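First comes the structure, then the notes that go with it.
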Amino acid sequence: MEKVFSRQNIVDLCLGATVLGTGGGGSPELGMELLNGIYDVGKEIKMIAVDDVPDDAIVVFPAGVGSIAETEEKSRYDEQLKKTIMTDESPLRHALDMMESTIGQKVYGAVAIELGGYNTALAAFLGALAGIPFVDADTIGRAKPESEMQCLGLHQVPITPIVLADVWGNTVVVSQVESYRSAEKIARAMAVIGGGTTAVRCPMTGKRLKETILPGTVSKALRVGQALREAQEQNTDPVEAVIEASEGIKLFEGTVSSYQWEDRGGFLWGDIFIRGEKHYHGQKLRVWLKNENEISWLDGKPYVMTPDSLCIIDAASGEPITNTNMREGLQLVVFGIPAPPIFRTPEGLALVGPAHFEFDLPYVPIEDLVS
């Protein structure tokens, strides 16, 4: 069944996807700006279920690539993106056109590579811009720092061809790579050169999509955003509403005592140190991040970690706080969400677990840690 988005749905989607995006996934403000721009020019956003994609149709996965750190290069890129995204010079539309030329087929729909305020919106935006639907699904159920960290890789879905296009007119078609990791390095190199880039990748049939994707995740993001908005409107607890809609588990509450970060190799790396308050008074939580929140330590002991999600929201408003906007003194609530089962298999843990980030830590499911 097709869903046509309202402007309110745009806000709900971008905020809900940012909550689920574990600190990354891009700017929700930019996501809202993109999608509202669609309605300003008389187009509309249509979403369909995975099962509504014909088996022989082709879908693609658009994404923004680059560090989420606020740097001069990224600011220049984002400003130029705003100027060009709705024009014939749009890198996203150029990448889609180049993809269709490369594969010799028209693209039927767009699928979000991850949940995040910008990257989920990007799939909706590309669909509306090209007059095609976007699909209620993504590849991991959160945001992640590297393109290989997704269910498509676990199912051996080829990532190529990939079209990379940026706002400065640079375009690269990657026809073959040794691995998803190699594809990641190529995309990051282009992002470092220009301050960011856009990728359209993984062309696949509807039949293969149904065999490999995580369905219904965009609808979940909409529910989270709606729960946040309604709690604020009705003066009920927005934090409780967001955690419940996210099917999450509250882990910690406190104030950021220190935020240490650096922009390196196209990623934001850092640590968030949180001093416990209320029920958590006297405790300390550390969250390590690579664009997204990946591993935590409670009072110096390993705690909730990837592939489970570590989500951070404002302790008063319930609104998501990205790692781009993280700073000392913020009062936060941290909650976790169990990972999809596929990422808890030995193969899934090798791809997205702590060892992938070179941490020699045993993964313990969040349900066992907080039971």
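Sequential numbering of the sequence shown, starting at 12, is according to our numbering. For every residue, glycine included, the Cβ atom is placed at its ideal position computed from N, Cα and C. Since the structure is predicted, the reported quantities are computational estimates derived from the model, not experimental observations.
Could you give the C-beta distance for Leu46 and Phe136, rounded to a whole number, given that I count them as a contact under 8 Å? Right, their Cβ atoms sit about 6 Å apart.
Tell me, please, whether the segment 12–30 touches the segment 271–289 by the rule of three or more beta-carbon pairs shorter than 8 Å. Result no; under three Cβ-Cβ pairs closer than 8 Å.
Just the Cα atoms here: how many angstroms apart are Ala148 and Glu55? When only Cα atoms are considered, Ala148 and Glu55 end up about 19 Å apart.
Cβ-based burial, Ala350 [other Cβ within 10 Å; buried from 16]: So Ala350 ends up on the buried side.
Three-state secondary structure (DSSP) at Arg234? Three-state result, Arg234: helix.
Suppose the cutoff is 6 Å on Cβ atoms and the five residues either side in sequence are ignored; what does the same chain contact list for Gln157 look like? Contrary to the premise, residue 157 reads as Glu rather than Gln in this sequence. Same-chain partners within the cutoff: Glu195.
Could you have a look at Met215 and say whether DSSP puts it in helix, strand or coil? Here Met215 carries a strand assignment [DSSP, helix/strand/coil].
Hey, quick one: how far does the beta strand (DSSP E) through Asn302 stretch, first residue to last? Neither: Asn302 is in no beta strand (DSSP E) and is coded neither H nor E.
Cβ neighbour criterion (16 or more within 10 Å) applied to Ala326: Taking all protein chains shown into account, Ala326 has 16 or more neighbouring C-beta atoms within 10 Å of its C-beta and is therefore buried.
Could you check how far apart the C-beta atoms of Thr317 and Arg286 are, in whole angstroms? I think they sit under 8 Å. Incorrect: roughly 24 Å between the Cβ atoms, too far for contact.
For a test of the three-state rule: what should DSSP assign to Val168, helix, strand or coil? Coil at Val168, not helix or strand.
What does the Cβ neighbour count give for Thr95, buried or exposed, with the cut at 16 atoms within 10 Å? Thr95 is buried by the Cβ-count criterion.
Over the uninterrupted alpha helix (DSSP H) stretch that includes Phe16, give me the two end residues. Premise fails: Phe16 is in no alpha helix (DSSP H) and is neither H nor E.
Let me check understanding here. Comparing Cα to Cα, which of Leu239, Asn130, Trp272 lies closest to Val253? Closest by alpha carbon: Leu239.
Local conformation of Leu126 per DSSP, three classes: Coil at Leu126, not helix or strand.
For Gly347, name the three-state secondary structure that DSSP assigns. Looking at Gly347 - three-state DSSP - the assignment turns out to be strand.
Helix, strand or coil at Ala200 [DSSP, three-state]: Three-state DSSP puts Ala200 in a helix.
How about Val250 and Ile332: are their beta carbons less than 8 Å apart? For Val250 and Ile332, no; Cβs fall outside 8 Å.
For Ile143, the three-state DSSP class (helix, strand or coil): DSSP places Ile143 in the coil class of the three-state scheme, outside both helix and strand.
Using 8 Å as the limit for Cβ to Cβ distance, is Ile324 near chain D? No chain D appears in the structure shown, which is made up of a single protein chain.
Report all residues from its chain with a CB closer than 7 Å to the CB of Glu358; omit the five preceding and five following residues, and keep chain order. Within the same chain, Glu358 has close Cβ partners Leu165.
Consult DSSP for Arg275 and reduce its assignment to one of helix, strand or coil. Strand.
Between which two residues does the alpha helix (DSSP H) harbouring Arg323 extend? Strictly speaking, residue 323 in this sequence is Ile, with Arg absent from that position. From DSSP, Ile323 is part of no alpha helix (DSSP H) but of the beta strand (DSSP E) over 320–325.
At the level of alpha carbons, what is the spacing between Leu103 and Ala210? In this structure, the CA atom of Leu103 is about 8 Å from the CA atom of Ala210.
Can you check whether the CB of Ile124 is closer than 8 Å to the CB of Ala74? It is a contact, given that the beta carbons lie within the stated cut-off.
Just to confirm, is the Cβ distance from Asp67 to Thr216 under 8 Å? In this structure, Asp67 places its C-beta atom within 8 Å of the C-beta atom of Thr216.
Could you check what DSSP says for Glu83 in three-state terms: helix, strand or coil? For Glu83, the three-state secondary structure derived from DSSP is helix.
Segment contact, 8 Å Cβ cut-off, at least three pairs: the segment 128–144 with the segment 34–52: The answer is yes - the segment 34–52 touches the segment 128–144, with three or more Cβ pairs under 8 Å.
Should Lys261 and Val315 be called a contact, given that it needs their Cβ atoms to be closer than 8 Å? The Cβ atoms of Lys261 and Val315 lie no closer than 8 Å to each other.
If Ser320 sits next to Gly347, beta carbons under 8 Å apart, how far is it from one beta carbon to the other, in whole angstroms? Going by Cβ atoms, the distance from Ser320 to Gly347 rounds to 6 Å, so yes, they are a contact pair.
Could you tell me if the beta carbon of Leu46 falls within a distance shorter than 7 Å of some heavy atom in the ligand HEM? Absence of the ligand HEM is noted for the structure shown, with no ligands found whatsoever.
Roughly how many whole angstroms lie between the Cα atoms of Gly48 and Ala176? Each residue's CA atom was taken as its position, placing Gly48 and Ala176 some 21 Å apart.
Along the beta strand (DSSP E) that carries Thr182, what are the first and last residues, could you check? Residue range 182–185 is occupied by the beta strand (DSSP E) that includes Thr182.
Once the 5 residues before and after Asn302 are set aside, which same chain residues still bring their CB inside 6 Å of it? Counting only Cβ-Cβ distances below 6 Å, and skipping sequence neighbours, we find Gly35, Ile79, Pro156, Phe278, Leu279.
Residues in the same chain with beta-carbon distance under 7 Å from Ser230, minus the five sequence neighbours each way, listed in chain order, please. Here the set comprises Asp147.
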